[in-house]
Every structure is written in structure tokens, then in C-alpha cells.
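Counting in my numbering, the sequence shown tops out at residue 293, every number present.
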Amino acid sequence: MPAAIIDGKALAKDLRAEIAKRVEALAGRGVVPALAVILVGDDPASVSYVSGKEKACAEAGMRSIERRLSADAAEAELLSLVEAFNRDPEIHGILVQLPLPKHISERKVVAAIAPEKDVDGFTPVNVGRLVLGEDCYPPCTPHGIVKLIGRAGVKLDGADVVVVGRSNIVGKPLANLLLQKSANATVTVCHTGTRDLAAHVRRADIVVACAGRPGLVSADMIKPGACVIDVGVNRVEAPDAPKGFRLVGDVDFEAAAKVAGSITPVPGGVGPMTITMLLDNTVTAAERTLGVRN
Ligand code: GUN
Numbered sequence: 000m001p002a003a004i005i006d007g008k009a010l011a012k013d014l015r016a017e018i019a020k021r022v023e024a025l026a027g028r029g030v031v032p033a034l035a036v037i038l039v040g041d042d043p044a045s046v047s048y049v050s051g052k053e054k055a056c057a058e059a060g061m062r063s064i065e066r067r068l069s070a071d072a073a074e075a076e077l078l079s080l081v082e083a084f085n086r087d088p089e090i091h092g093i094l095v096q097l098p099l100p101k102h103i104s105e106r107k108v109v110a111a112i113a114p115e116k117d118v119d120g121f122t123p124v125n126v127g128r129l130v131l132g133e134d135c136y137p138p139c140t141p142h143g144i145v146k147l148i149g150r151a152g153v154k155l156d157g158a159d160v161v162v163v164g165r166s167n168i169v170g171k172p173l174a175n176l177l178l179q180k181s182a183n184a185t186v187t188v189c190h191t192g193t194r195d196l197a198a199h200v201r202r203a204d205i206v207v208a209c210a211g212r213p214g215l216v217s218a219d220m221i222k223p224g225a226c227v228i229d230v231g232v233n234r235v236e237a238p239d240a241p242k243g244f245r246l247v248g249d250v251d252f253e254a255a256a257k258v259a260g261s262i263t264p265v266p267g268g269v270g271p272m273t274i275t276m277l278l279d280n281t282v283t284a285a286e287r288t289l290g291v292r293n
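What follows is the structure in C-alpha cells.
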């Protein structure tokens, strides 16, 4: 039987309707949740992500404020912009789109974001809270993945989850999220130093591919019936496609769908959920300013 397709777009739509209701309730109290988005340079993928985030904010009745800096902007200019947004009481969330140009310290810039406005969940304070199992802003992509697994009807409690990739944005925070008692999974993180990737993936009830390498996870690695979450968004040349490229994940989708129990498509799987969880965190930040949430 072919795998069930886990429809991230449909789940995102349902969750965004709930978020829009929370936005309405805030509007009744004179608060419009606002997200400040900072983009440095004009990397096409980043430009596309940022415009997706802004469009989603508008659709949910939220405000987004975009500031674009040129690729050669000084680190100090970016830091002072972050600090201005930190001080602005009408801004509830701040997002600095990553990656940043090489001459700017990502570490310094991320650490400059006020923890209470860190809706990406990237600051050291937030990461520390996540690792300790304390209240925090859950990082958006990992949080979206947990929701997608739930939507697929797959139990995390006691499951063997193999995460392929150890980035600070997805792999590491996801592993921490899955380790929480509330998820209760057994987590293995594979990376470029892993000796036998296939052997690990073959044991997995749930595989999350987040390495950024097209075709890294092949069908022969997947345990029949496993849940496969594909976080990869890779551009591959496709002369016959209108834009000259196609987006593919890290999983060989066509072949994997014949083995897996459920699988996310690319696009239309994880991507819409990342944006949805960003809206969720931003609304939570706004609610916290009114004391309607802790
Ligand atoms: N670059 C790739 N993914 C993300 C994300 O979720 N947030 C930010 N700020 N930058 C990214």
C-alpha cells in the first residue's frame, strides 16, 4: 500500500484559522501582533522565505515590518536595528533571516535579540530553556514537525526516531524537543560523521531528514510502514520547469512513498508548518505582553 501523504498545507490551514481567532481576540484589546523581519542581502531562497512569512502574517490579521539591508551592511548596523526592535513596544517578535553574510557574526546577532521577542527560538536563552525542559518558544520547524507526526496519527511515546542532520535550526532543537517527557521518543541524531547511516535509518519508526542533501535518504533505508518527514528544500536543475529548477527534499520521494507508512511531500509538507509555528509564537509573545499567557 502506498504511504499516506501528510498534508502540511491542510494542517497549516487549520492551525492558522485558530491563530486568526487569537489575533481577533487581541485586536479587541487594542493589540495587533507584529513581527519584525530583517533580511540581509538578496539570496533568492531567503527572499522567498521572507515573503512567505509576511504574506502569512497579513492573512492572519497580523502586522509584519520588513527591513532589508544590503549584503555588505556592517554588523553594527544590523545590531542597532535589532536593538531598536527590542525597545519598540509595538513589536512582539523579531526574526533575522539566516544565513547571514560571512562578515557578520550570526552568533552575536542572534544573541542580541531580546529573549521575550525571540519567536524563532534561536537565542542562547531560549535554547537553554528548551534543553532544560523549561517554558520556551519552541523553534518553528521542529515544532511543526512534531505537529505533523501527530497529524499522521503516529505515536511518539517510545518510538525510535532517527534525525538525519544536526543543524542549530532543525536537527539539534528537534532532538531536544523529542526528548522532552511530553514527546518521550528515543532519539538518534545522524550526521556527516555517522559511519552507517542506512543501518540507523532502517531501525527508525520515524525518520526526519534535515541534512540539505537531495536523495540522501533512499527507499531501501526505510523500514516498511515508517513515518518519513522530509525537511530538505533543495533546488535541482530542471530545464523543462518554468523557473529552470525544481524543489526536492532529502528523501527520494517517489520510491520512499512505496515503502513508508506516511510521508511528507516537498513542497507542501514541513514548509507551511514552519511559518504557522512562527505565527503561533508571535501571537503568544503578544498575548504575554497583556498577561493573558504565561
Ligand atoms: N533560515 C532557514 N530557516 C530559518 C528559520 O526558521 N528562521 C530564520 N530566522 N532563518 C532561517
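Idealized CB from N, CA, C, for every residue including glycine. Keep in mind the model is a prediction, meaning the values are calculated, not measured.
Distance between beta carbons of residue j and residue i, contact taken as under 8 Å
i	j	result
residue 65	residue 81	With 8 Å as the limit, residue 65 and residue 81 do not qualify as a contact, their Cβ atoms being about 14 Å apart.
residue 282	residue 140	So it is not a contact: roughly 18 Å between Cβ atoms.
residue 269	residue 143	6 Å
residue 7	residue 147	6 Å
residue 52	residue 274	6 Å
Option in the options with minimal Cα separation from residue i
i	options	result
residue 38	6, 76 and 60	76
residue 192	203, 74, 174 and 164	164
residue 222	204, 277 and 216	204
residue 54	108, 180, 277 and 103	277
residue 73	105, 125, 228 and 86	105
residue 264	258, 251, 274 and 275	251
residue 187	194, 159 and 212	159
residue 212	9, 233 and 166	233
residue 259	150, 41, 122 and 225	225
residue 155	179, 97 and 288	179
residue 56	91, 86 and 44	91
residue 248	240, 228, 86 and 100	228
residue 121	95, 133, 288 and 151	95
residue 216	255, 71, 235 and 238	255
residue 196	162, 170 and 169	162
residue 151	246, 262, 41 and 36	262
residue 246	69, 214 and 5	214
residue 60	279, 235, 109 and 115	279
residue 46	167, 69, 24 and 134	69
residue 137	172, 237 and 109	172
Residue i: CB within 8 Å of a non-hydrogen atom of the ligand GUN
i	result
residue 47	no
residue 269	no
residue 215	no
Exposure of residue i, with buried meaning 16 or more beta-carbon neighbours within 10 Å
i	result
residue 220	buried
residue 21	buried
residue 11	buried
residue 31	exposed
residue 125	buried
residue 15	buried
residue 0	exposed
residue 183	exposed
residue 63	buried
residue 286	buried
residue 243	exposed
residue 26	exposed
residue 177	buried
residue 131	exposed
residue 29	exposed
residue 145	buried
residue 293	exposed
residue 257	exposed
Any non-hydrogen atom of the ligand PLP closer than 8 Å to residue i Cβ
i	result
residue 137	No copy of the ligand PLP occurs in the structure displayed; its ligands are the ligand GUN alone.
Exercise for the section: Check each residue's C-beta against every heavy atom of the ligand GUN and list, in chain order, those closer than 6 Å. Expected result: Listed along the chain, these residues meet the criterion: 94, 95, 96, 97, 119, 139, 140, 168 and 273.
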